[in-house]
Amino acid sequence: MMSDSLSAFFPNAQMGVLGFVHLDSYQICAIISTLVILPTVWLRNLSLLSYVSVGGVVSLVVVVLCLFWTGVASNVGFHPAGQALNFAKLPLTVGIYSFCYGSHSVFPNIYSSMDEPSRFPSILIISFVAAGVLYSGIAICGFSMFGEAIRPQFTLNLPTNSVATGIAGWAVAATPVTKFGLSITPVALAIEELLPEAQLRSHGVSILIRSSLVVSTLIVALTVPYFGSVMALIGSSLVVLVSVILPCVCYLRIHKERVTKLEIAICSSIIVVGVVGAVVGTYSAVTSMSG
1 MMSDSLSAFF PNAQMGVLGF VHLDSYQICA IISTLVILPT VWLRNLSLLS YVSVGGVVSL
61 VVVVLCLFWT GVASNVGFHP AGQALNFAKL PLTVGIYSFC YGSHSVFPNI YSSMDEPSRF
121 PSILIISFVA AGVLYSGIAI CGFSMFGEAI RPQFTLNLPT NSVATGIAGW AVAATPVTKF
181 GLSITPVALA IEELLPEAQL RSHGVSILIR SSLVVSTLIV ALTVPYFGSV MALIGSSLVV
241 LVSVILPCVC YLRIHKERVT KLEIAICSSI IVVGVVGAVV GTYSAVTSMS G
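Residue numbers (the UniProt record's numbering): 1 to 291.
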């Protein structure tokens with residue numbers, strides 16, 4: 001996401017390395033993005049990361065306002081064009097939306113770092129409602145403005161000579177910096193806990209593990225150019241598993257002695273829908289990438 005936005009600002013950037021390696025604009029911006037993000041993943045204190053993550057919320061609001069302003073004040077306007085509901089691409093869309101709501105892996109770390117854990121449920125409700133409103137607003141505005149011509153990142157559709165486009169582009173570029181560290185922390189902590197000795201869990205080893213995760217992400221970004229399809233694949237295969245299927249399975253397992261028949265029916269229905277959606281969405285994403 002960050003490299004896509006930056007490469008749109010510097011489309012002609014090129015660089016030669018050692019005389020035989022040629023880097024285009026996207027590759028250069030991807031490497032720069034990695035270097036910028038890298039220090040944020042070294043932070044092990046979630047309290048500090050939470051302050052950094054606030055910037056992501058601000059960036060998202062700025063992007064939404066820029067999109068709306070472009071539709072109102074420019075020649076783009078709001079004129080829905082194209083098919084609003086495409087059942088053939090519905091599984092892919094569900095996978096992308098699932099990816100957007102796939103923050104469950106961070107919840108345990110956030111809960112344990114809160115000063116008032118009792119407020120966690122209300123914070124979850126507020127967060128998901130706010131995210132749903134913003135995502136829905138972006139989807140409606142994006143389709144109303146660009147129709148089926150909309151790209152995986154709508155900022156790439158905005159007029160290149162607009163001030164709002166520049167602001168939105170930089171805001172989108174800044175978003176991964178504010179969120180990547182918090183997202184990668186659960187993975188890093190899980191890997192660190194696998195180390196056999198406590199001495200190996202030093203800050204230096206932690207930095208090495210987290211840096212390796214960032215570099216591996218860079219490699220994937222450079223080798224897999226299907227941004228939307230990758231999001232759909234992760235959303236369908238992993239996020240649905242973590243966010244939809246496993247919570248119901250764990251709830252039934254933990255409360256098996258006192259769970260009611262109605263709860264069993266509801267959880268079972270959610271599990272079945274989740275499994276079907278995951279299989280269909282994963283197949284659709286893989287097909288989209290291969291085709």
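We treat Cβ as the ideally placed atom computed from N, Cα and C, and that holds for glycine.
Check: Here's the rule I'm using: 16 or more other beta-carbon atoms within 10 Å means buried, otherwise exposed. How should C250 be labelled?; Outcome: exposed
Check: Determine the direct distance from the alpha carbon of P247 to that of L236, and round the result to whole angstroms.; Outcome: Leu is not the amino acid found at residue 236; the sequence shown has Ser there. Rounded to the nearest angstrom, the two C-alpha atoms are 16 Å apart.
Check: To the nearest angstrom, how far is the alpha carbon of I31 from that of G166?; Outcome: 21 Å
Check: Thinking C-alpha only, which one of N12, T34, F68, T178 is nearest V54?; Outcome: T178
Check: Restricting to Cα atoms, I'd like to know which of E192, I264, S216 is closest to V205.; Outcome: E192
Check: Is it true that the region 157-175 meets the region 128-137, where meeting means three or more beta-carbon pairs spaced less than 8 Å apart?; Outcome: no
Check: Three-state secondary structure (DSSP) at M15?; Outcome: strand
Check: F146: which of P117, H104, H79 sits nearest, CA to CA?; Outcome: H79
Check: With distances taken between CB atoms, is the gap from V224 to V230 smaller than 8 Å?; Outcome: yes
Check: Do V63 and A168 have their C-beta atoms within less than 8 Å of each other?; Outcome: yes
Check: With G102 as the anchor, note down where its alpha helix (DSSP H) starts and where it stops.; Outcome: Taken as a continuous stretch (DSSP letters only), G102 belongs to no alpha helix (DSSP H), as it is neither H nor E.
Check: Please list, in chain order, all residues of the same chain as S59 whose beta carbon is under 8 Å from its beta carbon, the five residues on each side excluded.; Outcome: A171, V172, A174, T175, T178
Check: According to DSSP, simplified to helix, strand and coil, what is H22?; Outcome: strand
Check: Buried or exposed for Q83, please, with buried defined as at least 16 other CB atoms from any protein chain shown within 10 angstroms of its CB.; Outcome: exposed
Check: How many Å lie between T282 and V272 at the Cα?; Outcome: 15 Å
Check: Starting from H203, trace the alpha helix (DSSP H) both ways and give me its first and last residue.; Outcome: 203-223
Check: Just how far apart, CA to CA, sit Q27 and I209?; Outcome: 23 Å
Check: Quick one: give me the first and last residue of the alpha helix (DSSP H) that A88 is part of.; Outcome: Where A88 is concerned, there is no enclosing alpha helix (DSSP H), given that its DSSP letter is neither H nor E.
Check: What would DSSP say about P39, mapped onto helix, strand or coil?; Outcome: helix
Check: Just curious, the alpha helix (DSSP H) that T165 is in, first and last residue?; Outcome: 163-193
Check: For the alpha helix (DSSP H) holding P121, just list the boundary residues, first then last.; Outcome: 120-146
Check: Identify whether L48 lies in helix, strand or coil by the three-state DSSP scheme.; Outcome: helix
Check: Please state whether the Cβ-Cβ distance between S243 and Y101 is less than 8 Å.; Outcome: yes
Check: Rounded to the nearest angstrom, how far is the Cβ of L233 from that of V280, given a contact under 8 Å?; Outcome: No, L233 and V280 are not in contact; Cβ-Cβ is about 12 Å, not under 8 Å.
Check: For S50, which option in F87, V61, N109 has the closest C-alpha, if you only look at C-alpha atoms?; Outcome: N109
Check: Apply the 10 Å Cβ neighbour rule to T260 and answer buried if 16 or more other Cβ atoms are within range, or exposed otherwise.; Outcome: exposed
Check: Under a three-way DSSP split, which group does K261 fall into?; Outcome: helix
Check: Indicate whether at least one CB of chain C lies closer than 8 Å to the CB of V286.; Outcome: Absent here is chain C; the protein component of the structure consists of one chain.
Check: Helix, strand or coil for P117, going by three-state DSSP, please let me know.; Outcome: helix
Check: Return the CA-CA distance between A13 and S33, expressed in angstroms with no decimal places.; Outcome: 14 Å
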